[in-house]
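Q: Here it is: the structure, laid out below.
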């Protein structure tokens, strides 16, 4: 298990990275208290049927994990720019193992973000059955798959200089339209919103209301984005490897 | 994950008929045009040549980072990718920074974890002289320190073949000396080493053999003493207006004459004889300078000779 050693140091690097600590951990956690405390007694936020502390707990976990997973992709762009990927290509670490390590690292960091927000939710009185916590977590982790693919895609298409703004822009739009800051009401915006993977990430909070979570539409959207973005990521990755 | 079964260190390295072109705005540029190099196991070989000679392109093909347009590469009897997957190759590429947020020691450990048979990290830290900076984060290193860490990353894999592409470029004199001492110690363990350089002195001092490249082709291949004799030409520069180049060219000991304004530049096979002949025929020659030819110039002469043949 040679990739295990590599992964260990990838994790170490990630948790030493200020950008990660700020955007994936500190920022969502701080915002949760800022947003959720004033509205903690609201039982149906914006008519969504979901209590505000639960909604924001999941929406900010979605925001933080989205950042964590996308920034793993951004790191690929930086490593390509400094020639580190060439250095790795002359080691026994296969490119597949490299991408797998990136994905596992991203997920490990996402789990930390989720755990922190669950703890924060608990401190504001969020209480769910064990089964609901697990289902919610599972939906969040599945909902992140298209973002992992998007991260790899952007990491291979964008230069190291522009990867920051690119990721920032993508995250901001997906977060806003996905309903991270407030539930998206009816109308055209709602239709657009429902077609985005970030919307369904946030909708993992439906579990708390006793529902099964996404329903057919959610699974369809998440699956479609996963297929499209994975194909894109694979192409970008293969083209990059060939160009060397 | 195990070492490839058919990897045979005794097979050495074989590059056969390598050709590589790149696209450029002015049409395709042939970077490497038909390179054949054989390296015996345990040999230390210098790939010598000026910038743009095709050294790095050749090395990239040797490492499987670049597919050749035609020709074959065999590293210890297998394809480069298989030799690399087996952990038999360590390389320090010409360019490349380090990833951040790890200490020097951690980065070396990370690299060591990828190989089946690495050296001990402590041993490498000591060998490369990184004791003082082992706990420092990689983003806080100077250029020379970064180069040394990159050398350590290539060494820790304990490779059968060590490839170094212009390794001493960012190092100071002291750093260079320490670097080559370490390289020699590693080669003495029976390892095969290939390094690219544009310093004849480095090739002369540290390689068993030099392969001389210019304009994408091998122009000489032999013991460094032979190479030294081949590029040991001298130049005479002087002020001498209004003389026909052809007459200068016919002077004894002159290989080639050029004019730069009022000045002439004579490339000589025998600079002493050429100087005597020059002064005998043109006593009003002024501002005479005799110097060693730059390697670059010597290379160009060799290639020019190769093309005429």
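Residue numbers (the working numbering), protein chains in the order written: chain A, 8 to 251; chain B, 15 to 323. Just so it is clear, CB atoms sit at the ideal spot from N, CA and C, and this is done for glycine as well. As the structure is a prediction and not an experimental result, all values here were calculated from the model.
Is residue 97 of chain A close to chain B? Criterion is C-beta to C-beta, closer than 7 Å.
A: yes
Q: Taking a cut of 8 Å between CB atoms, which residues from the region 23-34 of chain A lie near chain B?
A: 23, 24
Q: For residue 8 of chain B, does the three-state DSSP call read helix, strand or coil?
A: Shown here, chain B extends from 15 to 323; a query on residue 8 of chain B therefore has no answer.
Q: Taking the CB atoms as reference points, tell me whether residue 36 of chain A and residue 123 of chain A lie closer together than 7 Å.
A: yes
Q: What separation, rounded to the nearest whole angstrom, lies between the Cα atoms of residue 150 of chain B and residue 13 of chain A?
A: 19 Å
Q: For a quick check, are the C-beta atoms of residue 54 of chain B and residue 26 of chain B less than 7 Å apart?
A: yes
Q: Quick one: which residues of the region 128-151 of chain B get their C-beta closer than 7 Å to a C-beta of chain A? List them in chain order.
A: 128, 129
Q: Would you say residue 251 of chain A faces chain B, with C-beta separation under 7 Å as the test?
A: With a pLDDT of only 42 at residue 251 of chain A, under the threshold of 50, the placement of this residue in the model should not be trusted; the figure read from the coordinates follows. Chain B, which has a Cβ nearer than 7 Å to the Cβ of residue 251 of chain A, makes this yes.
Q: Mind checking which residues open and close the alpha helix (DSSP H) that includes residue 116 of chain A?
A: 102-130
Q: Measure from the alpha carbon of residue 163 of chain A to the alpha carbon of each residue in A:70, A:84, A:47, A:26, then state which is nearest.
A: A:84
Q: Please specify which runs of the alpha helix (DSSP H), each continuous and at least 4 residues long, are wholly inside the region 124-209 of chain A, giving them in chain order.
A: As far as the region 124-209 of chain A is concerned, its whole alpha helix (DSSP H) runs of at least 4 residues are 137-150, 152-164, 167-185, 195-201, 204-209.
Q: Could you tell me whether any non-hydrogen atom of the ligand MG is closer than 6 Å to the CB of residue 57 of chain A?
A: With respect to small molecules bound, the structure shown includes none, and the ligand MG cannot be examined in it.
Q: Is the beta carbon of residue 71 of chain A sitting closer than 7 Å to the one on residue 216 of chain A?
A: no
Q: In the DSSP assignment, find the unbroken alpha helix (DSSP H) run with residue 148 of chain B in it and report its ends.
A: Careful: residue 148 of chain B lies outside any alpha helix (DSSP H) and carries neither H nor E.
Q: In the region 175-232 of chain B, which residue ranges form an unbroken alpha helix (DSSP H) of at least 4 residues, counting only runs that do not cross its ends?
A: 187-201, 214-220
Q: I'd like to know whether the C-beta atoms of residue 185 of chain B and residue 161 of chain B end up nearer to each other than 7 Å.
A: yes
Q: Going along chain A in order, which residues have a C-beta closer than 8 Å to the C-beta of residue 103 of chain B?
A: Taking the beta carbon of residue 103 of chain B as reference, the chain A residues within 8 Å of it are 97, listed in sequence order.
Q: Any idea what DSSP makes of residue 33 of chain B, helix, strand or coil?
A: DSSP, reduced to helix, strand and coil, places residue 33 of chain B within a strand of the structure shown.
Q: Using beta carbons (cut-off 7 Å, strictly below), is residue 77 of chain A in contact with chain B?
A: no
Q: Using CA coordinates, which residue listed in B:222, B:256, B:210 is at the minimum distance from residue 278 of chain B?
A: B:256
Q: Counting contacts by CB-CB distance shorter than 7 Å, is residue 113 of chain B in contact with chain A?
A: Using a Cβ-Cβ cut-off of 7 Å, residue 113 of chain B counts as an interface residue toward chain A, since at least one Cβ of chain A sits closer than that to its own.
Q: Measure the alpha-carbon distance for residue 111 of chain A versus residue 200 of chain A and round it to whole angstroms.
A: 28 Å
Q: Is it the case that the Cβ atoms of residue 232 of chain B and residue 87 of chain B are separated by a distance below 7 Å?
A: no
Q: I'd like to know whether the C-beta atoms of residue 90 of chain B and residue 97 of chain B end up nearer to each other than 7 Å.
A: yes
Q: For the alpha helix (DSSP H) containing residue 37 of chain A, name the first residue and the last one.
A: 34-43
Q: Going by DSSP, what residue range makes up the beta strand (DSSP E) through residue 301 of chain B?
A: Looking at the DSSP string, the run of the beta strand (DSSP E) that includes residue 301 of chain B is 300-306.
Q: Under 7 Å between beta-carbons, which chain A residues line up against residue 109 of chain B? List them in chain order, please.
A: 90
Q: Just checking my contact of residue 118 of chain B with residue 71 of chain B at CB under 8 Å: how many whole Å lie between their CB atoms?
A: Actually they are not in contact, since the Cβ atoms of residue 118 of chain B and residue 71 of chain B sit about 31 Å apart, beyond 8 Å.
Q: Which runs of the beta strand (DSSP E), 3 residues or longer, sit entirely within the region 73-161 of chain B?
A: 84-89, 103-106
Q: The beta strand (DSSP E) with residue 268 of chain B in it runs from where to where?
A: 268-274 is the span of the beta strand (DSSP E), which, as asked, contains residue 268 of chain B.
Q: Using a Cβ-Cβ distance cut-off of 7 Å, determine whether residue 94 of chain A contacts chain B.
A: yes
Q: Chain C partners of residue 99 of chain B, CB-CB under 7 Å?
A: In summary, chain C is missing from the structure at hand, where the protein chains are A and B.
Q: Do residue 135 of chain B and residue 169 of chain B have their C-beta atoms closer together than 7 Å?
A: Contact: no.
Q: Could you give the distance in angstroms between the alpha-carbon of residue 227 of chain B and the alpha-carbon of residue 212 of chain B?
A: 10 Å
Q: Keeping to the same chain, check which residues put their C-beta closer than 7 Å to that of residue 158 of chain B; ignore five residues upstream and five downstream.
A: 184, 185, 186, 189
Q: At what residues does the alpha helix (DSSP H) containing residue 72 of chain A begin and finish?
A: 59-88
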